[in-house]
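For the protein sequence lines, the chains are A and B, in the order given.
Taking my numbering, I'd label the letters of the first sequence as residues 1 to 250.
Taking my numbering, I'd label the letters of the second sequence as residues 251 to 500.
The beta-carbon is built from N, C-alpha and C at its ideal position, and this holds for glycine as well.
Right, one structure below, let's go through it.
Protein chains: 2
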Amino acid sequence: MRVESPGERPSGRSSEVAERALDVLLAFPDSQDGELGVTQIAGMLGLEKSRVHRFLTALVNKGLVVRNPNNHRYALGPRTLALAQAALRQMDVVDVALPYLEQLRDASGETAGLAMRVGNSRVHLVQRESHNELRHRFDIGAPLPLIAGSFGKVLLAASDLPGDELLVGEQGEALRKELDEVRRCGFAESYGERVPGTHSLAAPVRRSGHAAVAIGVSGPATRFTEERGKTFIPKLLTAAAALSEVLTAH
Amino acid sequence: MRVESPGERPSGRSSEVAERALDVLLAFPDSQDGELGVTQIAGMLGLEKSRVHRFLTALVNKGLVVRNPNNHRYALGPRTLALAQAALRQMDVVDVALPYLEQLRDASGETAGLAMRVGNSRVHLVQRESHNELRHRFDIGAPLPLIAGSFGKVLLAASDLPGDELLVGEQGEALRKELDEVRRCGFAESYGERVPGTHSLAAPVRRSGHAAVAIGVSGPATRFTEERGKTFIPKLLTAAAALSEVLTAH
DNA sequence: TCTCTTGTTCCGGAGAGTAGAATAACGATC
DNA sequence: GATCGTTATTCTACTCTCCGGAACAAGAGA
């Protein structure tokens with residue numbers, strides 16, 4: 001029998017036009033300052049100016065993008081908030097996890113976050129940021145690799161589908177061993193694996209029948225030393241276990 | 251000289267296809283449970299099934315929508331979170347306002363929120379919900395009327411452009427008078443105006459050169475009585491003044 | 001004021017989207 | 001477990017909208 005296979009392209013034909021229009025929408029989160037001009041977007045995506053302009057008009061009509069009438073540039077509109085709110089309502093995990101994240105943040109003093117496997121990448125859903133001026137912050141909603149960072153490794157280890165296609169070559173072999181270790185210990189650590197100068201710990205959240213979820217803490221290497229990180233482990237595991245229990249008990 | 255005119259349709263031609271695809275995306279926040287089927291969406295929007303399916307495929311490819319492989323229905327994906335996060339980053343107001351909202355919530359015990367004028371409607375950006383089991387909650391990101399509710403009236407009164415086209419007929423005349431009153435008092439009240447059984451207060455947040463913003467509190471009529479509401483007014487005005495000051499001082 | 005850049009509009013050819021039905025997959029009911 | 005009703009998905013020829021390129025307008029900066 002065939003289980004859910006994450007990371008597979010949906011079957012069937014898609015709408016080329018719609019995809020390009022969505023590319024325009026999704027160009028905004030990637031931009032430095034959130035305001036973008038037509039030519040700028042056209043350059044980024046390799047599209048014709050007139051095309052981009054037509055798409056922007058559609059996006060503005062739908063309230064997903066707003067036009068700054070002063071400089072004639074465009075930015076994301078408040079309607080996007082409705083989308084995110086509805087998305088979060090779907091993910092029961094988030095509501096339930098918030099107190100645990102806060103607890104973990106306060107216990108460690110570092111940023112605590114929640115991530116989820118989506119296809120062959122991971123996405124951070126929420127975080128409670130460290131109060132320290134120097135802190136790590138996850139890019140919420142952005143697809144990040146599964147094969148690097150503590151969150152990624154936890155999600156990869158927890159999935160029924162190991163994502164074998166990701167574990168290739170010599171590096172894949174090493175990672176495979178590491179995943180076994182993660183499964184044994186019940187948590188993963190990353191010391192500058194994905195973002196240099198950033199250390200993190202993560203543990204799986206168990207819940208049957210749903211996509212894999214991970215909870216963890218992350219901070220700057222200068223403060224989040226290997227030694228200090230060790231002291232976070234029991235707190236992390238407690239939080240993960242409690243969250244798993246709440247979620248499986250409905 | 252012509253000032254920014256909110257609520258005007260952007261000029262020029264839009265992409266019909268893109269708009270329909272976005273309709274499909276925006277159908278999700280409106281649905282009861284966030285999961286929708288192809289036929290269901292087609293029915294809601296009056297589109298052909300095959301068309302909806304093609305749009306959904308595009309949305310899935312971009313990560314804005316995910317397909318539940320069990321029941322073959324669709325839901326909003328985590329990529330929408332990236333959009334909202336980027337949108338919020340744009341709106342400096344939100345970050346700054348959070349402590350004031352929390353303060354207002356704790357002082358009143360009711361839900362405190364922040365709304366913004368977008369075209370000829372208002373959109374709630376953030377809120378800090380009352381801790382009470384019975385509470386009011388705003389639909390974040392959803393377009394709501396300007397001509398009803400305390401937030402709407404404040405935004406209408408504060409705008410340079412009065413939105414005259416909204417103030418028509420006998421009702422319009424009464425509202426016009428009320429807006430003058432709002433400008434004089436510096437706040438607006440609503441007793442079940444928009445949502446029956448819900449009372450609210452709101453005050454304008456002043457900041458030059460930006461869209462109008464309002465801060466306010468809202469709660470169930472049984473608790474948020476006219477009498478008790480009066481005691482919130484000074485707290486509200488203090489919060490609004492403080493927030494205005496912070497924002498104009500950069 | 002002039003120039004350069006950027007946003008916006010226009011239009012006919014071309015190609016992608018559309019409708020509608022056929023098929024496949026699913027789930028409920030007996 | 002077989003049948004039926006429902007829903008998702010695929011297919012294809014036609015058609016209508018989108019595309020591109022250039023022309024135009026509007027600002028920004030010098």
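Taking 9 Å as the Cβ-Cβ cut-off, the segment 75-94 of chain A approaches chain B at Ala75, Leu76, Gly77, Pro78, Arg79, Thr80, Leu81, Ala82, Leu83, Ala84, Gln85, Ala86, Ala87, Leu88, Arg89, Gln90, Met91, given in chain order. For histidine 199 of chain A, the enclosing beta strand (DSSP E) covers residues 198-205. In the structure shown, glutamate 285 of chain B adopts coil according to DSSP, grouped into three states. Chain-order list of chain A residues neighbouring arginine 263 of chain B: Arg54, Thr57, by C-beta distance under 8 Å. Under the 8 Å criterion on CB atoms, proline 279 of chain B is classed as interfacial with respect to chain A. Taking 8 Å as the cut-off, the beta carbon of serine 400 of chain B is found closer than this to the beta carbon of alanine 438 of chain B. Annotated as proximal: alanine 212 of chain A and arginine 117 of chain A, with beta-carbon spacing under 8 Å. Valine 123 of chain A and alanine 112 of chain A do not touch by the CB rule: their CB atoms are close to 16 Å apart, not below 8 Å. Within chain B, the residues whose beta carbon sits less than 7 Å from that of isoleucine 140 of chain A are Leu331, Ala332, Gln335, listed in sequence order. Glutamine 340 of chain B sits close to alanine 75 of chain A, with the two beta carbons spaced by under 8 Å. Here DSSP, grouped into helix, strand and coil, assigns leucine 125 of chain A to strand. Contact between the segment 135-151 of chain A and the segment 314-332 of chain B is present, with at least three C-beta pairs closer than 8 Å. Setting aside the 5 residues that flank it on each side, leucine 155 of chain A is surrounded in the same chain by Ala115, Arg117, Arg122, Leu146, Ala212, Ala214, each with a C-beta closer than 7 Å to its C-beta; the list follows chain order. DSSP places proline 349 of chain B in the helix class (H, G or I) of the three-state scheme. Contact residues of the segment 308-323 of chain B toward chain A are Ala308, Leu309, Val310, Asn311, Lys312, Gly313, Leu314, Val316, Arg317, Pro319, Asn320 (C-beta to C-beta distance below 8 Å).
In this structure the segment 293-308 of chain B does not touch the segment 47-67 of chain A; the number of beta carbon pairs closer than 8 Å is below three.
DSSP places serine 130 of chain A outside both helix and strand once states are collapsed to three, so it counts as coil. At a Cβ-Cβ threshold of 8 Å, tyrosine 100 of chain A and leucine 201 of chain A do not count as neighbours. Secondary structure note for serine 50 of chain A: it is in no beta strand (DSSP E), and the uninterrupted alpha helix (DSSP H) holding it is 49-61. For the options B:Glu379, B:Leu338, B:His449, the alpha carbon positioned closest to that of glutamate 352 of chain B is the one of B:Glu379. Residue environment: proline 196 of chain A is assigned as exposed (fewer than 16 neighbouring CB atoms within 10 Å of its CB, all protein chains considered). When C-alpha distances from tyrosine 441 of chain B are compared across B:Ser409, B:Leu417, B:Arg478, the shortest belongs to B:Arg478. Using a Cβ-Cβ cut-off of 8 Å, proline 393 of chain B counts as an interface residue toward chain A, since at least one Cβ of chain A sits closer than that to its own. Contact between valine 267 of chain B and valine 17 of chain A holds, since their C-beta atoms are separated by about 4 Å, short of 8 Å.
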